[in-house]
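To start, the structure itself, in structure tokens.
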Amino acid sequence: MYEGGHFMKLKAILLTLVMVTLLLSGCGNKTPNNNNTTTTPNPTQGTAVSPEATAPAATSPAATNGATTPEATKGAGTDVTTTASIVDTEEAFLKAIGKSGTWIICLTKDMTVDKDLVMEGEFKNGKKDDAGKEVIQRKLALYSQDENRTITGKYVLTAPKMTVTSPKASIQHGTFKGDLYVDVADFELVDAIIDGDVYFTKKEYQDSFKMDDSSKVIGKQSVK
């Protein structure tokens, strides 16, 4: 009885082992599911963007430390004769006061010219009057000024003689050393000194002559 029970127990154990072996063998032969294939994510490569190099436009600083041209305003399309001539040589000065010069002639230093001078030609200053007509003017500027139009220097122009024939002409803020001949109406001195005589070629030119309280003529004034 005991031996028969022992045999039955052993048989049950063997049967269990066989079943376990079969189960393990079946699991080991399973084919992997290809649908679970691992995919490598595609890295997204963004386009490298360089920051825009916004370089400021190169500008030339205004020369505020030096003298500026009196009333020298240059605009686009402005005729050269309505701008200023800034001169520091005899050659440039003689060209500037001639018929092919400019309406305003500016010295930057004292100047001596050993020949007679003639300021001639009709010029417009680039402005218009209330009626819309271009303003005629000729100006010999014997001075320099800063950006606030404060006069920073006055100069002496020396020559044996200077004749003025340009209409609406003036000498401003400086000294002309020599005799001055006025052959035009409405000539004017503004804070200017004539270190010599002033001669008018007509009485009407003398009558239309003007000078402010800061101006003076050291010599005589007469019609000649």
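191 is the number of the first residue of the sequence shown in the working numbering; add one for each residue after it. Every residue gets a Cβ at the ideal spot worked out from N, C-alpha and C, and that includes glycine.
- Pairing Val277 with Pro350, the inter-Cα distance amounts to about 20 Å.
- Here Ala274 is buried. Its C-beta has 16 or more other C-beta atoms within 10 Å.
- Of the residues assessed, Leu207 falls on the exposed side of the cut-off, its CB having fewer than 16 other CB atoms within 10 angstroms.
- In the DSSP assignment, Leu284 falls within the unbroken alpha helix (DSSP H) covering Glu280 to Ala286.
- Per DSSP, the continuous beta strand (DSSP E) segment holding Gln335 begins and ends at Tyr333 to Gln335.
- The C-alpha of Gly409 is placed about 32 Å away from the C-alpha of Val325.
- In this structure, Thr365 sits near Asp385, with a CB-CB distance shorter than 8 Å.
- The beta carbons of Lys329 and Ile294 sit about 4 Å from each other, so the pair counts as a contact at 8 Å.
- By the Cβ test, the region 331-345 is not in contact with the region 388-406, since fewer than three Cβ pairs between them sit closer than 8 Å.
- Taking a 10 Å sphere around the C-beta of Asn338, we find fewer than 16 other C-beta atoms and assign the residue as exposed.
- DSSP places Asp304 in the coil class of the three-state scheme, outside both helix and strand.
- DSSP places Gln327 in the coil class of the three-state scheme, outside both helix and strand.
- With contacts defined as CB atoms closer than 8 Å, Val354 and Phe377 qualify as a contacting pair.
- In the three-state reduction of the DSSP assignment, Ser290 falls in the coil class.
- Distance from the CA of Leu307 to the CA of Ala282, rounded to the nearest whole angstrom, comes to 13 Å.
- Between Leu332 and the set Lys299, Ile203 and Pro357, the nearest pair of CA atoms involves Lys299.
- For Ser275, the enclosing beta strand (DSSP E) covers residues Ala274 to Val277.
- Within the same chain, and ignoring the five residues on either side of Ser404 in sequence, the residues whose Cβ sits closer than 7 Å to its Cβ are Asp381.
- As DSSP reads the structure, Ala359 sits in a beta bridge with Arg328.
- As the crow flies, the alpha-carbon of Gly291 is around 9 Å from that of Phe313.
- For Thr340, there are no CB contacts under 6 Å within the same chain when 5 residues up- and downstream are skipped.
- Counting along the chain, the unbroken alpha helix (DSSP H) around Ser398 starts and ends at Lys393 to Ser398.
- Here Lys323 is exposed: its Cβ has fewer than 16 other Cβ atoms, across all protein chains shown, within 10 Å.
- A straight-line Cα-Cα distance of about 14 Å links Lys305 and Tyr371.
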